[in-house]
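Chains as they are written, first to last, in the UniProt record's numbering: chain A, 1 to 161; chain B, 1 to 161.
Scroll down for the structure; my scribbles are underneath it.
Protein chains: 2
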Amino acid sequence: MKLSQGVEWGLHCTALVAQAPDGIAVSRRLLSEHYGLPEAYLAKHLQALVRAGVLTATPGPRGGFRLARPDEQITALEILEAIEGTAPAFLCQEIRQRGTGAVPPEDCTRPCGVSVVMAKADEAWRGSLASVTVADLVALVPSHTRKRNRARLTGEPTGDR
Amino acid sequence: MKLSQGVEWGLHCTALVAQAPDGIAVSRRLLSEHYGLPEAYLAKHLQALVRAGVLTATPGPRGGFRLARPDEQITALEILEAIEGTAPAFLCQEIRQRGTGAVPPEDCTRPCGVSVVMAKADEAWRGSLASVTVADLVALVPSHTRKRNRARLTGEPTGDR
Ligand code: FES
Ligand code: FES
Numbered sequence: 001m002k003l004s005q006g007v008e009w010g011l012h013c014t015a016l017v018a019q020a021p022d023g024i025a026v027s028r029r030l031l032s033e034h035y036g037l038p039e040a041y042l043a044k045h046l047q048a049l050v051r052a053g054v055l056t057a058t059p060g061p062r063g064g065f066r067l068a069r070p071d072e073q074i075t076a077l078e079i080l081e082a083i084e085g086t087a088p089a090f091l092c093q094e095i096r097q098r099g100t101g102a103v104p105p106e107d108c109t110r111p112c113g114v115s116v117v118m119a120k121a122d123e124a125w126r127g128s129l130a131s132v133t134v135a136d137l138v139a140l141v142p143s144h145t146r147k148r149n150r151a152r153l154t155g156e157p158t159g160d161r
Numbered sequence: 001m002k003l004s005q006g007v008e009w010g011l012h013c014t015a016l017v018a019q020a021p022d023g024i025a026v027s028r029r030l031l032s033e034h035y036g037l038p039e040a041y042l043a044k045h046l047q048a049l050v051r052a053g054v055l056t057a058t059p060g061p062r063g064g065f066r067l068a069r070p071d072e073q074i075t076a077l078e079i080l081e082a083i084e085g086t087a088p089a090f091l092c093q094e095i096r097q098r099g100t101g102a103v104p105p106e107d108c109t110r111p112c113g114v115s116v117v118m119a120k121a122d123e124a125w126r127g128s129l130a131s132v133t134v135a136d137l138v139a140l141v142p143s144h145t146r147k148r149n150r151a152r153l154t155g156e157p158t159g160d161r
């Protein structure tokens, strides 16, 4: 079981966009250069984030991405689901209805115990991600990194290197 | 993100083995026929469950699989990890250390916030599965199905169909 690399990109890029001062849009180029990501491939994930209502995109030379809502109202789960979709990782193939032990269809109107247990685990996973906001992610960025990011996002000289 | 089909097989097969009366080993053939699963492919998963200490295998014509421990001491997580491994679904590729925004290695001795958040979600998922035992899975099987399974596992006529 593997999540796509886009999850790491989407979470980091959204947290970086959230660090831009009010009114400043972050270009796709800046995002791709900041993290050394292939721009064309990143574009697909950014579009998914726009479709999911996490980011807004404005066109033009000063255009780019902004948060669609305040950072404390966007969850890590929204970003995850924008990139990975909402389908649970466990897919029941109804093996209880196959073979010599087949349970008749009329006894299978509800999911089986295994399926319920796996669904609960999925809920626990998503619940954990739903409890974290973009504001939390930004707060976890070390303050000197945040300061440097802010300078880069506004085009100021960063002072280091 | 997808879990392998083997997870459904492993959980159901272990729960079925748990329904066998004391002293009765369940053959690979019975398991594969019961759920209509390809025997050779199922064999790999059963071996993984033996290696993980979930099942024991005894050879010979009356041989087969038994639980390695009492059903209330084996968790759904053990079965899941026997089949899928213990690697977290999220793989951090350290994008914070790449590109123009690269954080210097000396500031990256600890996982970043995104990585911590994803690790916590993984813990929540595994924790949920660790809280469920094989005894719980058996208890979730409807009683008439359990009765029929027991008859099949002992070779008695099942009465139905
Ligand atoms: S039949 Fe699919 S998980 Fe039980
Ligand atoms: S650098 Fe990999 S998740 Fe942050």
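Every residue, glycine too, gets a C-beta built ideally from N, C-alpha and C.
Small disclaimer: the values here were computed from a predicted structure and weren't measured.
Reduced DSSP category for residue i - H, G, I as helix; E, B as strand; rest coil
{"i": "Q57 (chain A)", "result": "The residue you asked about is not Gln; residue 57 (chain A) is Ala in the sequence shown. Strand."}
{"i": "V132 (chain A)", "result": "coil"}
{"i": "G101 (chain A)", "result": "coil"}
{"i": "G6 (chain A)", "result": "helix"}
{"i": "G64 (chain A)", "result": "strand"}
{"i": "V26 (chain A)", "result": "strand"}
{"i": "T14 (chain B)", "result": "helix"}
{"i": "T154 (chain B)", "result": "helix"}
{"i": "T145 (chain A)", "result": "helix"}
{"i": "R161 (chain B)", "result": "At R161 (chain B), the pLDDT of 44 sits below 50, so the modelled position is not reliable; the number obtained from the coordinates is stated separately. R161 (chain B) falls in the coil class under three-state DSSP."}
Test: residue i CB closer than 9 Å to a CB of chain A
{"i": "Q93 (chain B)", "result": "yes"}
{"i": "H34 (chain B)", "result": "yes"}
{"i": "D107 (chain B)", "result": "yes"}
{"i": "K120 (chain B)", "result": "yes"}
{"i": "E78 (chain B)", "result": "no"}
{"i": "F65 (chain B)", "result": "no"}
{"i": "L129 (chain B)", "result": "yes"}
{"i": "A135 (chain B)", "result": "no"}
{"i": "residue 162 (chain B)", "result": "Residue 162 (chain B) is absent from the model: chain B starts at 1 and stops at 161."}
{"i": "A139 (chain B)", "result": "yes"}
{"i": "G6 (chain B)", "result": "no"}
Residue i burial status per 10 Å Cβ neighbour count (16 or more: buried)
{"i": "R143 (chain B)", "result": "According to the sequence provided, residue 143 (chain B) is Ser. The question's Arg does not apply to it. So S143 (chain B) counts as exposed."}
{"i": "Q93 (chain A)", "result": "exposed"}
{"i": "T86 (chain A)", "result": "exposed"}
{"i": "Y41 (chain A)", "result": "exposed"}
{"i": "T14 (chain B)", "result": "buried"}
{"i": "E72 (chain B)", "result": "exposed"}
{"i": "R96 (chain B)", "result": "buried"}
{"i": "G155 (chain A)", "result": "exposed"}
{"i": "G53 (chain B)", "result": "exposed"}
{"i": "A139 (chain B)", "result": "exposed"}
{"i": "G60 (chain A)", "result": "exposed"}
{"i": "V26 (chain B)", "result": "buried"}
{"i": "R126 (chain A)", "result": "buried"}
{"i": "R51 (chain B)", "result": "exposed"}
Residue-level contact to chain B via CB, residue i, 9 Å cutoff
{"i": "R96 (chain A)", "result": "yes"}
{"i": "R152 (chain A)", "result": "yes"}
{"i": "K44 (chain A)", "result": "no"}
{"i": "R126 (chain A)", "result": "yes"}
{"i": "G60 (chain A)", "result": "no"}
{"i": "D71 (chain A)", "result": "no"}
{"i": "E39 (chain A)", "result": "no"}
{"i": "K147 (chain A)", "result": "no"}
{"i": "G155 (chain A)", "result": "no"}
{"i": "P142 (chain A)", "result": "yes"}
{"i": "G23 (chain A)", "result": "no"}
{"i": "Q47 (chain A)", "result": "no"}
{"i": "A27 (chain A)", "result": "Looking at the sequence shown, residue 27 (chain A) is not Ala but Ser. Answer no: the Cβ-Cβ gap between S27 (chain A) and chain B never drops below 9 Å."}
{"i": "L55 (chain A)", "result": "no"}
{"i": "A89 (chain A)", "result": "yes"}
{"i": "A15 (chain A)", "result": "yes"}
Assumed close pair residue i, residue j - CB separation to whole angstroms, cut-off 8 Å
{"i": "A89 (chain B)", "j": "M1 (chain A)", "result": "5 Å"}
{"i": "S128 (chain B)", "j": "A121 (chain A)", "result": "4 Å"}
{"i": "G6 (chain A)", "j": "R98 (chain B)", "result": "That belief does not hold up - the Cβ atoms of G6 (chain A) and R98 (chain B) are roughly 15 Å apart, past 8 Å."}
{"i": "A68 (chain A)", "j": "T58 (chain A)", "result": "Incorrect: roughly 12 Å between the Cβ atoms, too far for contact."}
{"i": "H45 (chain B)", "j": "W9 (chain B)", "result": "6 Å"}
{"i": "I24 (chain A)", "j": "L153 (chain A)", "result": "6 Å"}
{"i": "L30 (chain A)", "j": "A82 (chain A)", "result": "At roughly 20 Å, the Cβ-Cβ gap does not stay under 8 Å, so L30 (chain A) and A82 (chain A) are not in contact."}
{"i": "A124 (chain A)", "j": "A102 (chain B)", "result": "So it is not a contact: roughly 34 Å between Cβ atoms."}
Three or more C-beta pairs below 8 Å linking the segment 55–70 of chain A and the segment 103–113 of chain B | Judged by Cβ distances under 8 Å, the segment 55–70 of chain A makes no contact with the segment 103–113 of chain B, as fewer than three pairs qualify.
Report yes or no: do the segment 135–150 of chain B and the segment 4–18 of chain B share at least 3 C-beta pairs separated by less than 8 Å?
-> yes
Okay, do the segment 31–48 of chain A and the segment 68–78 of chain A touch, 3+ Cβ pairs below 8 Å being the bar?
-> no
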